[in-house]
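S.K.: In this note's numbering, the protein residues as written are 64 to 217. For glycine and all other residues, C-beta sits at the position ideal for the given N, C-alpha and C. For clarity, every value in this text was computed on a predicted model and none was experimentally measured. Take a look at the following structure, please.
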Amino acid sequence: MKTIHLVLLLSFTLLSGTLHAGPGAGQPFPKLTLKDQFENPHSITKTDKLILISFDREVSDVVNEFLATQPKIFLDRHHARYISDISAMPGIVTKLFAIPKMKDYNYLLMLATEAEFKAQFDHQQGKLTVYHLEDGVIESIEFVEASKVAGLFQ
Numbered sequence: 064m065k066t067i068h069l070v071l072l073l074s075f076t077l078l079s080g081t082l083h084a085g086p087g088a089g090q091p092f093p094k095l096t097l098k099d100q101f102e103n104p105h106s107i108t109k110t111d112k113l114i115l116i117s118f119d120r121e122v123s124d125v126v127n128e129f130l131a132t133q134p135k136i137f138l139d140r141h142h143a144r145y146i147s148d149i150s151a152m153p154g155i156v157t158k159l160f161a162i163p164k165m166k167d168y169n170y171l172l173m174l175a176t177e178a179e180f181k182a183q184f185d186h187q188q189g190k191l192t193v194y195h196l197e198d199g200v201i202e203s204i205e206f207v208e209a210s211k212v213a214g215l216f217q
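Printed below as a string of structure tokens:
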């Protein structure tokens, strides 16, 4: 009987497309320090209000396209951080092609390079994971079509 319940629970989780792995509303956002595209470490702080995380290249491409049209201080002005999970990218591709391209971006991009990163956070295939924070505590989590990223800043 327990096996049936476990199979049903797993099926519903997979059908919903959401993988629930991370902290939820009312919990503190995990302490996190990641390097940016210039190898400088950055941490999520209590003043950050919006954390955008992309786990898919297609999502990253759309978000990067949007951010490229914004002023350099755009994310800071909105107390936002953008994290791109590049852990699935082969190391040689990352070093020779991706990082050099990212250095041309006019915004800070925090890079998740370890495979364990993805397991810490909720995500849906093909969507941007958005954490709304207040004083370091998660107020809400949403999964947004990348094409709607501009609406997060209105």
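#1: Can you give the beta carbon distance from P104 to T96, rounded, assuming they're within the 8 Å contact cut?
#2: For D124, does the three-state DSSP call read helix, strand or coil?
#3: Who does H141 pair with in a DSSP beta bridge?
#4: Exposed or buried, which one is L174 when buried takes at least 16 other CB atoms within 10 Å?
#5: Leaving out five residues before and five after V200 in sequence, what residues of the same chain have Cβ atoms less than 8 Å from its Cβ?
#6: Taking the alpha carbon of A194 as the point to measure from, which residue in V207, V126, T157 has its own alpha carbon closest?
#7: What do you reckon, are the CB atoms on E177 and S150 nearer than 7 Å?
M.R.: So, from the data block:
#1: 5 Å
#2: helix
#3: The partner list for H141 (beta bridge, DSSP) is empty, contrary to what the question assumes.
#4: buried
#5: G89, Q90, P91, F92
#6: Note that residue 194 is Tyr in the sequence shown, not Ala. Nearest of V207, V126, T157 to Y194, Cα basis: V207.
#7: Judged by beta-carbon spacing, S150 lies within the 7 Å limit of E177, meaning their Cβ atoms are closer than that value.
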